[in-house]
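Undergrad:
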Amino acid sequence: MSDFRQKALDYHAKPVPGKISVELTKPAESVNDLALAYSPGVAEPVREIAADPNAAYQYTAKGNMVAVISNGTAILGLGNLGPLASKPVMEGKALLFKRFAGLDSIDIEVKHRTTEEFISTVANIADTFGGINLEDIKAPECFEIEQELIKRCNVPVFHDDQHGTAIVTAAGMLNALEIQDKSLHDVTIVCMGAGAAAVACMELLITCGAQRERIYMLDRKGVIHTRRDDLTPHKQLFANNTDKRTLEDVLEDADVFVGVSGPDVLPPEALKLMADKPIVFACSNPDPEIKPELAHEVRDDLIMATGRSDYPNQVNNVLCFPFIFRGALDVRASAINNEMKVAAVEAIRSIAKEPVPEEVLTASNSDSLTFGKDYIIPKPMDPRLRKRVSGAVAKAAIESGVALIDTLPEQYK
(Lines of atoms letter the chains of each structure in order from A and count residues from 1; the text may use other names and numbers.)
(Lines give C-alpha, C1' and ligand atoms only; values in the text may rest on other atoms or scores of the structure.)
Protein backbone atom coordinates (compact mmCIF):
# COMPACT_ATOMS: atom_id res chain seq x y z
CA MET A 1 0.00 0.00 0.00
CA SER A 2 1.41 3.38 -1.02
CA ASP A 3 2.14 5.96 1.64
CA PHE A 4 -0.37 8.42 0.12
CA ARG A 5 -3.11 5.80 -0.10
CA GLN A 6 -2.68 4.96 3.56
CA LYS A 7 -2.68 8.64 4.51
CA ALA A 8 -5.93 9.12 2.58
CA LEU A 9 -7.58 6.15 4.28
CA ASP A 10 -6.40 7.28 7.71
CA TYR A 11 -7.66 10.83 7.04
CA HIS A 12 -11.15 9.50 6.36
CA ALA A 13 -11.17 6.95 9.21
CA LYS A 14 -9.53 8.74 12.16
CA PRO A 15 -10.16 10.01 14.77
CA VAL A 16 -13.81 9.41 13.81
CA PRO A 17 -15.12 8.04 10.50
CA GLY A 18 -16.07 10.57 7.84
CA LYS A 19 -15.50 14.29 7.27
CA ILE A 20 -18.66 16.01 8.51
CA SER A 21 -20.85 16.12 11.62
CA VAL A 22 -23.85 18.04 12.99
CA GLU A 23 -23.38 20.75 15.62
CA LEU A 24 -25.97 22.57 17.71
CA THR A 25 -26.59 26.28 17.27
CA LYS A 26 -28.84 26.75 20.31
CA PRO A 27 -28.39 25.89 24.01
CA ALA A 28 -29.84 22.56 25.15
CA GLU A 29 -28.64 22.40 28.75
CA SER A 30 -31.80 22.88 30.79
CA VAL A 31 -35.44 21.88 30.94
CA ASN A 32 -36.33 25.38 29.77
CA ASP A 33 -33.98 25.04 26.77
CA LEU A 34 -35.58 21.76 25.78
CA ALA A 35 -39.07 23.22 26.17
CA LEU A 36 -38.12 25.88 23.61
CA ALA A 37 -36.19 23.56 21.32
CA TYR A 38 -38.84 20.87 21.15
CA SER A 39 -42.22 20.46 22.80
CA PRO A 40 -44.09 22.71 23.43
CA GLY A 41 -42.05 25.66 22.09
CA VAL A 42 -41.41 24.22 18.66
CA ALA A 43 -45.12 24.53 17.88
CA GLU A 44 -44.77 28.29 17.45
CA PRO A 45 -42.43 28.27 14.43
CA VAL A 46 -44.43 25.34 13.02
CA ARG A 47 -47.52 27.54 12.95
CA GLU A 48 -45.59 30.43 11.40
CA ILE A 49 -44.21 28.24 8.60
CA ALA A 50 -47.62 26.65 7.95
CA ALA A 51 -49.01 30.14 7.46
CA ASP A 52 -46.05 31.36 5.36
CA PRO A 53 -43.56 28.84 3.91
CA ASN A 54 -40.93 31.58 3.56
CA ALA A 55 -40.83 31.77 7.36
CA ALA A 56 -38.75 28.56 7.20
CA TYR A 57 -35.81 30.79 6.30
CA GLN A 58 -36.28 32.70 9.56
CA TYR A 59 -36.93 29.84 11.97
CA THR A 60 -34.93 26.90 10.55
CA ALA A 61 -31.48 26.22 9.03
CA LYS A 62 -32.96 25.95 5.50
CA GLY A 63 -31.38 29.21 4.30
CA ASN A 64 -27.85 28.03 5.06
CA MET A 65 -28.23 24.39 4.01
CA VAL A 66 -27.20 22.75 0.74
CA ALA A 67 -27.86 19.11 -0.17
CA VAL A 68 -25.12 17.36 -2.14
CA ILE A 69 -26.91 14.61 -4.06
CA SER A 70 -25.55 11.81 -6.25
CA ASN A 71 -26.42 8.41 -7.66
CA GLY A 72 -22.75 7.45 -8.02
CA THR A 73 -22.87 6.86 -11.77
CA ALA A 74 -19.83 9.03 -12.59
CA ILE A 75 -17.61 9.20 -9.51
CA LEU A 76 -14.58 11.41 -10.20
CA GLY A 77 -12.52 9.47 -12.73
CA LEU A 78 -13.62 6.13 -11.29
CA GLY A 79 -16.91 5.64 -13.15
CA ASN A 80 -20.17 4.02 -12.08
CA LEU A 81 -19.44 2.50 -8.68
CA GLY A 82 -22.85 3.09 -7.13
CA PRO A 83 -24.41 5.51 -4.64
CA LEU A 84 -22.73 4.32 -1.45
CA ALA A 85 -19.24 4.41 -2.98
CA SER A 86 -19.86 8.07 -3.85
CA LYS A 87 -20.40 9.01 -0.21
CA PRO A 88 -16.76 10.02 0.54
CA VAL A 89 -16.86 12.37 -2.46
CA MET A 90 -20.17 13.88 -1.40
CA GLU A 91 -18.91 14.34 2.17
CA GLY A 92 -15.86 16.02 0.67
CA LYS A 93 -18.11 18.41 -1.23
CA ALA A 94 -19.93 19.18 2.02
CA LEU A 95 -16.57 19.89 3.66
CA LEU A 96 -15.71 22.37 0.89
CA PHE A 97 -19.05 24.16 1.22
CA LYS A 98 -18.39 24.67 4.93
CA ARG A 99 -14.69 25.54 4.61
CA PHE A 100 -15.00 28.09 1.84
CA ALA A 101 -18.51 29.55 2.13
CA GLY A 102 -19.69 28.77 5.66
CA LEU A 103 -22.60 26.77 4.26
CA ASP A 104 -23.92 23.73 6.09
CA SER A 105 -24.21 20.77 3.77
CA ILE A 106 -25.41 17.19 3.97
CA ASP A 107 -24.73 14.42 1.49
CA ILE A 108 -27.55 12.27 0.10
CA GLU A 109 -26.88 9.19 -2.02
CA VAL A 110 -29.88 7.88 -3.99
CA LYS A 111 -30.56 4.35 -5.22
CA HIS A 112 -33.03 4.21 -8.12
CA ARG A 113 -34.12 2.08 -11.05
CA THR A 114 -35.16 4.84 -13.42
CA THR A 115 -34.23 8.46 -14.01
CA GLU A 116 -37.75 9.48 -13.06
CA GLU A 117 -37.35 7.77 -9.66
CA PHE A 118 -34.23 9.82 -8.97
CA ILE A 119 -35.88 13.05 -10.09
CA SER A 120 -38.96 12.40 -7.95
CA THR A 121 -36.88 11.53 -4.89
CA VAL A 122 -34.89 14.74 -5.08
CA ALA A 123 -37.91 16.91 -5.93
CA ASN A 124 -39.83 15.51 -2.98
CA ILE A 125 -37.14 16.45 -0.45
CA ALA A 126 -35.93 19.70 -2.05
CA ASP A 127 -37.89 22.07 0.18
CA THR A 128 -35.85 20.88 3.17
CA PHE A 129 -32.84 22.74 1.75
CA GLY A 130 -31.85 26.17 0.51
CA GLY A 131 -30.19 24.64 -2.57
CA ILE A 132 -29.45 21.36 -4.35
CA ASN A 133 -25.94 20.54 -5.65
CA LEU A 134 -26.03 17.57 -8.03
CA GLU A 135 -22.78 15.66 -8.31
CA ASP A 136 -21.16 12.75 -10.16
CA ILE A 137 -24.17 11.85 -12.33
CA LYS A 138 -23.30 10.49 -15.76
CA ALA A 139 -24.29 11.99 -19.09
CA PRO A 140 -26.68 12.11 -20.84
CA GLU A 141 -29.02 11.41 -17.88
CA CYS A 142 -27.56 14.35 -15.94
CA PHE A 143 -28.98 16.82 -18.47
CA GLU A 144 -32.54 15.52 -18.12
CA ILE A 145 -32.22 15.24 -14.33
CA GLU A 146 -31.02 18.80 -13.86
CA GLN A 147 -33.51 20.37 -16.25
CA GLU A 148 -36.46 18.52 -14.77
CA LEU A 149 -35.44 19.35 -11.21
CA ILE A 150 -35.05 23.01 -12.10
CA LYS A 151 -38.68 22.93 -13.27
CA ARG A 152 -39.98 21.09 -10.19
CA CYS A 153 -38.01 22.69 -7.37
CA ASN A 154 -38.45 26.08 -5.72
CA VAL A 155 -34.78 26.24 -4.69
CA PRO A 156 -31.69 26.55 -6.91
CA VAL A 157 -30.50 23.31 -8.53
CA PHE A 158 -26.93 23.23 -9.84
CA HIS A 159 -25.01 20.34 -11.41
CA ASP A 160 -21.47 21.32 -10.49
CA ASP A 161 -19.78 18.88 -12.87
CA GLN A 162 -21.39 20.88 -15.65
CA HIS A 163 -21.61 24.48 -14.58
CA GLY A 164 -18.89 24.78 -11.94
CA THR A 165 -16.37 23.47 -14.46
CA ALA A 166 -17.79 25.77 -17.12
CA ILE A 167 -17.62 28.91 -14.97
CA VAL A 168 -13.99 28.42 -13.90
CA THR A 169 -13.01 27.41 -17.45
CA ALA A 170 -14.63 30.52 -18.90
CA ALA A 171 -12.97 32.80 -16.35
CA GLY A 172 -9.54 31.38 -17.08
CA MET A 173 -10.17 31.26 -20.82
CA LEU A 174 -11.16 34.92 -21.07
CA ASN A 175 -8.03 35.92 -19.17
CA ALA A 176 -5.83 33.68 -21.30
CA LEU A 177 -7.31 35.14 -24.49
CA GLU A 178 -6.67 38.65 -23.19
CA ILE A 179 -3.01 37.81 -22.52
CA GLN A 180 -2.65 36.19 -25.97
CA ASP A 181 -4.33 39.25 -27.55
CA LYS A 182 -7.21 37.22 -29.00
CA SER A 183 -10.98 37.68 -28.93
CA LEU A 184 -13.39 34.93 -27.86
CA HIS A 185 -15.67 35.95 -30.73
CA ASP A 186 -12.97 35.26 -33.32
CA VAL A 187 -11.19 32.13 -32.09
CA THR A 188 -11.56 28.54 -33.25
CA ILE A 189 -12.08 26.14 -30.34
CA VAL A 190 -11.50 22.38 -30.26
CA CYS A 191 -13.24 20.53 -27.44
CA MET A 192 -12.03 16.99 -26.74
CA GLY A 193 -14.89 15.29 -24.92
CA ALA A 194 -18.66 15.50 -25.29
CA GLY A 195 -19.97 14.75 -21.81
CA ALA A 196 -21.62 16.95 -19.21
CA ALA A 197 -18.61 19.19 -18.52
CA ALA A 198 -17.75 19.60 -22.21
CA VAL A 199 -21.26 20.62 -23.25
CA ALA A 200 -21.62 23.06 -20.33
CA CYS A 201 -18.19 24.61 -20.97
CA MET A 202 -18.94 25.23 -24.62
CA GLU A 203 -22.46 26.56 -23.96
CA LEU A 204 -21.15 29.05 -21.39
CA LEU A 205 -18.34 30.15 -23.73
CA ILE A 206 -21.02 30.77 -26.36
CA THR A 207 -22.98 32.83 -23.82
CA CYS A 208 -19.78 34.82 -23.23
CA GLY A 209 -19.27 35.47 -26.95
CA ALA A 210 -17.83 32.41 -28.74
CA GLN A 211 -19.33 31.42 -32.10
CA ARG A 212 -20.97 27.98 -32.11
CA GLU A 213 -19.93 27.33 -35.72
CA ARG A 214 -16.26 27.81 -34.74
CA ILE A 215 -16.39 25.11 -32.07
CA TYR A 216 -15.37 21.57 -33.02
CA MET A 217 -16.35 18.93 -30.48
CA LEU A 218 -15.02 15.37 -30.51
CA ASP A 219 -16.20 12.19 -28.81
CA ARG A 220 -14.75 8.67 -28.93
CA LYS A 221 -15.75 8.36 -32.60
CA GLY A 222 -14.06 11.58 -33.68
CA VAL A 223 -15.44 14.93 -34.82
CA ILE A 224 -19.15 15.50 -34.16
CA HIS A 225 -20.56 16.44 -37.57
CA THR A 226 -23.95 16.76 -39.24
CA ARG A 227 -23.71 13.52 -41.21
CA ARG A 228 -23.50 11.33 -38.12
CA ASP A 229 -26.69 9.51 -37.13
CA ASP A 230 -25.64 8.45 -33.62
CA LEU A 231 -25.79 11.80 -31.81
CA THR A 232 -27.66 12.56 -28.61
CA PRO A 233 -29.64 15.83 -28.55
CA HIS A 234 -26.85 17.59 -26.67
CA LYS A 235 -24.22 16.44 -29.15
CA GLN A 236 -26.43 17.54 -32.05
CA LEU A 237 -26.11 21.12 -30.78
CA PHE A 238 -22.40 20.94 -31.68
CA ALA A 239 -22.59 19.05 -34.96
CA ASN A 240 -20.55 20.93 -37.57
CA ASN A 241 -21.24 20.83 -41.29
CA THR A 242 -17.64 19.89 -42.04
CA ASP A 243 -15.50 17.32 -43.81
CA LYS A 244 -13.02 17.32 -40.92
CA ARG A 245 -13.02 14.01 -39.09
CA THR A 246 -9.93 13.72 -36.87
CA LEU A 247 -8.37 15.64 -34.01
CA GLU A 248 -5.51 16.64 -36.28
CA ASP A 249 -7.96 17.97 -38.90
CA VAL A 250 -9.68 20.34 -36.48
CA LEU A 251 -6.54 21.37 -34.57
CA GLU A 252 -4.88 22.84 -37.65
CA ASP A 253 -4.80 26.63 -37.04
CA ALA A 254 -7.13 26.29 -34.03
CA ASP A 255 -6.60 28.84 -31.26
CA VAL A 256 -7.96 26.92 -28.27
CA PHE A 257 -7.99 23.29 -27.10
CA VAL A 258 -10.26 22.33 -24.20
CA GLY A 259 -9.84 18.78 -22.91
CA VAL A 260 -12.44 17.17 -20.66
CA SER A 261 -11.84 13.62 -21.82
CA GLY A 262 -8.92 11.42 -20.77
CA PRO A 263 -5.15 11.22 -20.34
CA ASP A 264 -2.60 11.71 -23.12
CA VAL A 265 -5.08 12.12 -25.98
CA LEU A 266 -3.39 15.28 -27.35
CA PRO A 267 -0.18 14.21 -29.14
CA PRO A 268 2.67 16.74 -29.29
CA GLU A 269 2.58 16.59 -33.09
CA ALA A 270 -1.06 17.69 -33.05
CA LEU A 271 -0.30 20.57 -30.69
CA LYS A 272 2.23 21.84 -33.24
CA LEU A 273 -0.63 22.26 -35.74
CA MET A 274 -2.36 24.95 -33.68
CA ALA A 275 -2.26 28.66 -34.49
CA ASP A 276 0.27 31.07 -32.99
CA LYS A 277 -0.13 31.73 -29.26
CA PRO A 278 -2.41 28.77 -28.57
CA ILE A 279 -4.34 28.10 -25.37
CA VAL A 280 -4.64 24.58 -23.98
CA PHE A 281 -6.93 23.65 -21.09
CA ALA A 282 -6.10 19.98 -20.44
CA CYS A 283 -8.47 19.28 -17.56
CA SER A 284 -8.65 15.48 -17.40
CA ASN A 285 -7.87 14.35 -13.84
CA PRO A 286 -5.57 13.13 -12.50
CA ASP A 287 -3.69 12.86 -15.80
CA PRO A 288 -4.22 15.65 -18.36
CA GLU A 289 -4.72 15.27 -22.10
CA ILE A 290 -1.07 16.32 -22.51
CA LYS A 291 1.54 16.75 -19.80
CA PRO A 292 2.46 20.43 -19.34
CA GLU A 293 6.20 19.70 -19.60
CA LEU A 294 5.65 18.06 -22.98
CA ALA A 295 3.33 20.82 -24.20
CA HIS A 296 5.79 23.60 -23.30
CA GLU A 297 8.57 21.62 -24.91
CA VAL A 298 6.89 21.80 -28.33
CA ARG A 299 5.24 25.25 -27.97
CA ASP A 300 6.96 28.14 -26.22
CA ASP A 301 4.08 30.53 -27.07
CA LEU A 302 1.53 28.49 -25.15
CA ILE A 303 -0.78 29.25 -22.21
CA MET A 304 -1.70 26.04 -20.43
CA ALA A 305 -4.14 25.11 -17.67
CA THR A 306 -4.88 21.74 -16.08
CA GLY A 307 -7.08 20.33 -13.33
CA ARG A 308 -4.09 19.66 -11.10
CA SER A 309 -2.85 21.68 -8.15
CA ASP A 310 0.83 20.92 -8.81
CA TYR A 311 0.89 22.95 -12.05
CA PRO A 312 0.09 26.63 -12.69
CA ASN A 313 -3.44 27.61 -13.69
CA GLN A 314 -5.52 24.95 -11.96
CA VAL A 315 -9.13 24.80 -13.18
CA ASN A 316 -10.69 24.01 -9.82
CA ASN A 317 -14.46 24.07 -9.21
CA VAL A 318 -13.91 25.17 -5.62
CA LEU A 319 -13.28 28.66 -7.04
CA CYS A 320 -16.95 28.71 -7.94
CA PHE A 321 -19.56 26.39 -6.46
CA PRO A 322 -19.36 27.40 -2.76
CA PHE A 323 -19.73 31.06 -3.68
CA ILE A 324 -22.45 30.51 -6.29
CA PHE A 325 -24.57 28.91 -3.57
CA ARG A 326 -23.54 31.44 -0.92
CA GLY A 327 -24.73 34.31 -3.07
CA ALA A 328 -27.86 32.49 -4.21
CA LEU A 329 -28.92 31.54 -0.69
CA ASP A 330 -28.16 34.98 0.74
CA VAL A 331 -30.87 36.48 -1.49
CA ARG A 332 -33.11 33.37 -1.44
CA ALA A 333 -32.76 32.79 -5.18
CA SER A 334 -35.14 30.29 -6.75
CA ALA A 335 -32.67 29.36 -9.50
CA ILE A 336 -29.10 29.77 -10.72
CA ASN A 337 -29.43 31.34 -14.15
CA ASN A 338 -27.02 32.41 -16.90
CA GLU A 339 -26.82 35.95 -15.54
CA MET A 340 -25.54 34.59 -12.22
CA LYS A 341 -23.06 32.29 -13.94
CA VAL A 342 -21.62 35.09 -16.08
CA ALA A 343 -21.40 37.33 -13.00
CA ALA A 344 -19.34 34.60 -11.31
CA VAL A 345 -17.08 34.35 -14.38
CA GLU A 346 -16.38 38.07 -14.37
CA ALA A 347 -15.76 38.19 -10.61
CA ILE A 348 -13.33 35.26 -10.69
CA ARG A 349 -11.34 36.58 -13.64
CA SER A 350 -11.10 40.08 -12.17
CA ILE A 351 -9.44 38.81 -8.98
CA ALA A 352 -6.58 37.26 -10.98
CA LYS A 353 -5.67 40.70 -12.34
CA GLU A 354 -5.16 42.25 -8.90
CA PRO A 355 -2.17 42.13 -6.51
CA VAL A 356 -2.11 38.84 -4.61
CA PRO A 357 -2.31 39.01 -0.80
CA GLU A 358 0.64 37.61 1.14
CA GLU A 359 -1.56 35.00 2.80
CA VAL A 360 -2.46 33.56 -0.60
CA LEU A 361 1.20 33.33 -1.60
CA THR A 362 1.95 31.49 1.63
CA ALA A 363 -0.99 29.11 1.27
CA SER A 364 -0.07 28.30 -2.33
CA ASN A 365 3.68 27.94 -1.66
CA SER A 366 4.41 30.73 -4.12
CA ASP A 367 7.04 33.47 -3.97
CA SER A 368 5.04 35.73 -6.26
CA LEU A 369 1.96 35.62 -8.49
CA THR A 370 1.33 38.18 -11.21
CA PHE A 371 -1.36 38.17 -13.88
CA GLY A 372 0.20 36.47 -16.88
CA LYS A 373 0.71 33.12 -18.61
CA ASP A 374 1.26 31.23 -15.37
CA TYR A 375 -1.44 32.98 -13.37
CA ILE A 376 -4.76 33.36 -15.19
CA ILE A 377 -7.04 31.98 -12.43
CA PRO A 378 -7.06 32.84 -8.70
CA LYS A 379 -5.85 30.31 -6.16
CA PRO A 380 -8.53 28.38 -4.22
CA MET A 381 -7.34 29.77 -0.87
CA ASP A 382 -7.87 33.39 -1.96
CA PRO A 383 -10.15 34.95 0.70
CA ARG A 384 -11.41 37.56 -1.78
CA LEU A 385 -13.43 34.93 -3.64
CA ARG A 386 -16.15 34.63 -1.01
CA LYS A 387 -17.20 38.26 -0.95
CA ARG A 388 -16.53 39.09 -4.59
CA VAL A 389 -18.02 36.04 -6.29
CA SER A 390 -20.90 35.58 -3.85
CA GLY A 391 -21.71 39.29 -4.02
CA ALA A 392 -21.68 39.31 -7.83
CA VAL A 393 -23.96 36.27 -7.92
CA ALA A 394 -26.36 37.78 -5.36
CA LYS A 395 -26.52 41.05 -7.30
CA ALA A 396 -27.18 39.22 -10.58
CA ALA A 397 -29.93 37.17 -8.94
CA ILE A 398 -31.67 40.33 -7.76
CA GLU A 399 -31.30 42.11 -11.10
CA SER A 400 -32.50 39.09 -13.10
CA GLY A 401 -35.60 38.66 -10.93
CA VAL A 402 -34.99 35.25 -9.32
CA ALA A 403 -34.32 36.52 -5.77
CA LEU A 404 -36.92 36.79 -3.01
CA ILE A 405 -34.78 39.44 -1.28
CA ASP A 406 -34.56 42.53 -3.48
CA THR A 407 -31.82 44.37 -1.56
CA LEU A 408 -28.17 43.35 -1.70
CA PRO A 409 -27.12 42.08 1.75
CA GLU A 410 -24.93 44.44 3.72
CA GLN A 411 -21.85 42.18 3.58
CA TYR A 412 -21.68 42.63 -0.19
CA LYS A 413 -21.99 46.42 -0.31
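The sequence shown begins at 1 in our numbering and counts up by one. Backbone N, C-alpha and C fix where the C-beta goes; we use that ideal spot for every residue, glycine too.
(1) Which residue or residues does DSSP assign as beta-bridge partners of residue 306?
(2) CA-CA distance, residue 22 and residue 348?
(3) Using only alpha-carbon positions, find the residue among 214, 205, 242 that is nearest to residue 222.
(4) Could you compute how far the alpha carbon of residue 240 sits from the alpha carbon of residue 72?
(5) Whole angstroms are fine: how far does the CA of residue 3 sit from the CA of residue 158?
(6) Can you have a look at residue 27 and say buried or exposed, based on whether 16 or more other CB atoms are within 10 angstroms of its CB?
(7) With respect to the beta strand (DSSP E) encompassing residue 257, which residues constitute its N-terminal and C-terminal limits?
(8) Residue 343 and residue 395 - do their beta-carbons sit closer together than 8 Å?
(9) Does residue 81 come out as helix, strand or coil in the three-state DSSP assignment?
(10) Which residues mark the beginning and the end of the beta strand (DSSP E) in which residue 134 is found?
(11) Skipping 5 residues on each side, what residues in its chain have a beta carbon closer than 7 Å to that of residue 261?
(12) So who's on the other strand from residue 222, going by DSSP bridges?
(13) So, at 8 Å on beta carbons, what are the nonlocal neighbours of residue 92 in its own chain, with the 5 sequence-adjacent residues on each side left out?
(14) So if DSSP puts residue 191 in a beta bridge, which residue, or which two residues, is it bridged to?
(15) Between the beta-carbon of residue 100 and the beta-carbon of residue 318, is there less than 8 Å?
(16) Which class does residue 107 belong to by DSSP, given the choice of helix, strand or coil?
(17) Should residue 131 be labelled buried (16 or more other beta-carbon atoms within 10 Å of its own) or exposed?
(18) Give me the Cα-Cα distance between residue 357 and residue 177, rounded to the nearest whole angstrom.
(19) Is the CB-CB distance between residue 59 and residue 45 below 8 Å?
(20) Suppose you measure from the CA of residue 214 to the CA of residue 208; what does that come to, to the nearest Å?
(21) Is the beta carbon of residue 98 closer than 8 Å to that of residue 105?
(22) DSSP on residue 342, reduced to helix/strand/coil?
(23) Are residue 75 and residue 118 closer than 8 Å when you measure CB to CB?
(24) Say whether the stretch 250-259 touches the stretch 269-279, bearing in mind that this needs 3 or more beta-carbon pairs closer than 8 Å, one atom from each stretch.
(25) Please classify residue 391: does DSSP put it in a helix, a strand, or coil?
(26) Leaving out five residues on either side along the sequence, give the residues of the same chain with a beta carbon under 6 Å from the beta carbon of residue 206.
(27) Can you tell me whether DSSP reads residue 270 as helix, strand or coil?
(28) Any chance you could list the alpha helix (DSSP H) runs of at least 4 consecutive residues sitting entirely within the stretch 38-105, in chain order?
(29) Of the choices 197, 366, 268, 410, whose alpha-carbon is the least far from that of residue 140?
(30) Would you say the stretch 332-342 touches the stretch 265-275, given that touching needs at least three Cβ pairs under 8 Å?
(31) What residue range is occupied by the uninterrupted alpha helix (DSSP H) comprising residue 168?
TA: Quick answer:
(1) 282, 314
(2) 31 Å
(3) 242
(4) 33 Å
(5) 36 Å
(6) exposed
(7) 256-259
(8) yes
(9) coil
(10) 131-134
(11) 192, 193, 284, 289
(12) 219
(13) 19
(14) 217, 258
(15) yes
(16) strand
(17) buried
(18) 25 Å
(19) yes
(20) 14 Å
(21) yes
(22) helix
(23) no
(24) yes
(25) helix
(26) 212
(27) helix
(28) 43-51, 56-59, 87-101
(29) 197
(30) no
(31) 160-179
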